[in-house]
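With our numbering applied, the sequence shown covers 18 to 324.
Yeah, the Cβ is synthetic: ideal placement off N, Cα and C, and Gly gets one too.
Encoded as structure tokens, the structure appears first; notes follow it.
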Amino acid sequence: MPKFSCVIKEQTPSPLRLDRYVSENLRLLSRSQIKARSLKASVNGKEVKISRLVKEGELIELVWDDQPPLELVPQDLPLDILYEDDQCVVINKSQGMVVHPGAGNRQGTLANALYFRRINKNVNEAKSMRPGIVHRLDKETSGVIIAAYNDEAHAFLADQFKSRKTRKNYIAIVQGNPEEIKGRIETFIARDPKDRKRFTVSANGRSAFTAYKVIKNWENYSLLLLRPRTGRTHQLRVHLRYIGSPVLGDPVYGNPDSLFPDVSLMLHSKSLAVTLPGETEEKIFTAPVPDRFIAVIEKLDRMRPNG
């Protein structure tokens, strides 16, 4: 039965429900998994309902049933493995691959592939195994992602993401040219009340921080290096739209583009610095620049580069 405890360090505009904190901040379990796995919680040593409001400085202790999702089917899917041991695996996720099963995506996901790999690595433990997704990438975002093969490794890695000890670098080709060559974007992000599938900058949201640097620019386009310090859903895409330079090819937050009408989302998780379970020094894992980036850059270079 997995256990997890921590002191809440995040400052939030208002207290959050405990179940939301577990799913959205800690990302230990999804909202559906919280119910399916009978999550039980204590705050400051006292057992509470998962609907309780929590705030900075409180000690939370969690325990839940360790059962593989019944709907998860192991699948032998091709993966670009950057690193693997008995406790975790680092993958260069392809664009278009969904990380978690959901409505309309019960199979063909990264979770299906990881469940298959774990079963084949430890046949005798197959019934107790589940994929340990530590953090997420959007379906159309490619690049480095790490997953755990057991609950201890998952907790070790998840704590680094929660305490912001990991270092994540992304690259993006965006529409427009940011006013500053490098800068910081600090806002609060919340679900868009007009469209629950979108997120937006809102005073009622959760704090989000992104540092950026312009690597190269052209007329009306730029190549950026992005360093998010927080991991809010759609954070980079929302932040880049907020500064007037949405990601090229973003069907949700971007704008139609006559020069690249059929381009896909130009966002890539380039590298991840993280300490692996059982080690004390961090390692840096890097995914190569995708072909779709190279094609767009070469086309822009053939036109009128600004620098």
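Range covered by the beta strand (DSSP E) that runs through residue i
i, result
"Arg223", "Arg223 to Trp235"
"Arg213", "Asp212 to Val218"
Cα-Cα separation, residue i to residue j
i, j, result
"Lys63", "Arg37", "19 Å"
"Gly125", "Ser49", "20 Å"
"Glu197", "Trp235", "14 Å"
"Cys23", "Phe173", "12 Å"
"Ala165", "Asp209", "32 Å"
"Val90", "Tyr132", "8 Å"
"Ile232", "Leu241", "5 Å"
"Leu154", "Ile108", "11 Å"
"Ile162", "Lys110", "7 Å"
"Ser55", "Gly193", "48 Å"
"Val71", "Arg34", "6 Å"
"Ser68", "Asn61", "15 Å"
"Ser286", "Val280", "18 Å"
"Lys66", "Ile77", "12 Å"
"Asp93", "Ala130", "6 Å"
"Leu265", "Ser59", "45 Å"
"Pro118", "Ile150", "12 Å"
"Gly261", "Tyr270", "11 Å"
Spatial neighbours of residue i in its chain, beta-carbon cut-off 7 Å, leaving aside the 5 residues before and after
i, result
"Glu203", "Phe226"
"Lys52", "none"
"Ser40", "Leu46, Ser47, Arg48 and Ile51"
The alpha helix (DSSP H) enclosing residue i, as first and last residue numbers
i, result
"Ala53", "Arg48 to Ala53"
"Leu241", "From DSSP, Leu241 is part of no alpha helix (DSSP H) but of the beta strand (DSSP E) over Tyr238 to Pro245."
"Ala304", "Looking at the DSSP string, Ala304 is not in any alpha helix (DSSP H), and its letter there is neither H nor E."
"Asp176", "Asp168 to Lys179"
One or two residues paired with residue i in a DSSP bridge
i, result
"Ser59", "Glu64 and Glu78"
"Phe205", "Ser224"
"Thr297", "Answer is none; Thr297 lacks a bridge partner."
"Ile162", "Ile108"
Assigned secondary structure, residue i (DSSP; H/G/I helix, E/B strand, else coil)
i, result
"Val280", "coil"
"Asn194", "coil"
"Ile150", "strand"
"Pro86", "For Pro86, the predicted model reports a pLDDT of 49, less than 50, meaning its position is unreliable and no value from the coordinates is stated."
"Tyr100", "strand"
"Lys287", "strand"
"Tyr187", "strand"
"Leu131", "helix"
"Lys72", "coil"
"Ser40", "helix"
Cβ shell of residue i (< 8 Å), same chain only, five flanking positions each side left out
i, result
"Pro294", "Gln104, Cys105, Ala165, Glu169, Ala170, Phe173 and Leu174"
"Ile253", "One point to set straight first is that residue 253 is Leu, not Ile, in the sequence displayed. Cβ neighbours of Leu253 beyond the five flanking positions: Tyr187, Ala189, Thr227, Leu243, Pro245, Val264 and Leu284."
"Asp274", "Gln192, Leu265, Gly266 and Val280"
Contacts around residue i, its chain only, beta-carbon distance under 6 Å, and the 5 residues preceding and following it disregarded
i, result
"Tyr259", "Val218"
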